[in-house]
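As numbered in our numbering, residues 543 to 621 make up the sequence shown, in order. C-beta: ideal position from N, C-alpha, C; glycine also. Computed from a predicted model, the values in this text were never measured in an experiment.
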Amino acid sequence: MVPAMKKTAHFGFQEVPESEKARLVRGVFDAVAPRYDLMNDVLSGGMHRLWKAAMVDWLRPREGLCLLDMAGGTRDIAI
Numbered sequence: 543m544v545p546a547m548k549k550t551a552h553f554g555f556q557e558v559p560e561s562e563k564a565r566l567v568r569g570v571f572d573a574v575a576p577r578y579d580l581m582n583d584v585l586s587g588g589m590h591r592l593w594k595a596a597m598v599d600w601l602r603p604r605e606g607l608c609l610l611d612m613a614g615g616t617r618d619i620a621i
């Protein structure tokens, strides 16, 4: 008989049991979420603010224009 192989998944540089990945990802998310904007500032050297400003300039929102942000995150660029 061939032994049953356990399914694994990548989590960073590790192979973890597939059944554990969701819990591990949730733990990372919960740890990062309260400081998400600060982490963006640090990791991008503040560039993410310029990228977001450029996106708003590109959109050229006008008064009365209705936009829907499908990935609102922390709403730091909500229009």
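Item	Value
Helix, strand or coil: which one does DSSP assign to A613?	coil
Please list, in chain order, all residues of the same chain as V598 whose beta carbon is under 6 Å from its beta carbon, the five residues on each side excluded.	none
With DSSP collapsed to three states, give me the class of E560.	helix
For the stretch 572–579 against the stretch 601–621, do three or more pairs of beta-carbon atoms, one drawn from each stretch, fall closer than 8 Å, so that the two count as touching?	yes
In this structure, does DSSP put F571 in helix, strand or coil?	helix
Rounded to a whole number of angstroms, what is the C-alpha to C-alpha distance between L609 and R568?	30 Å
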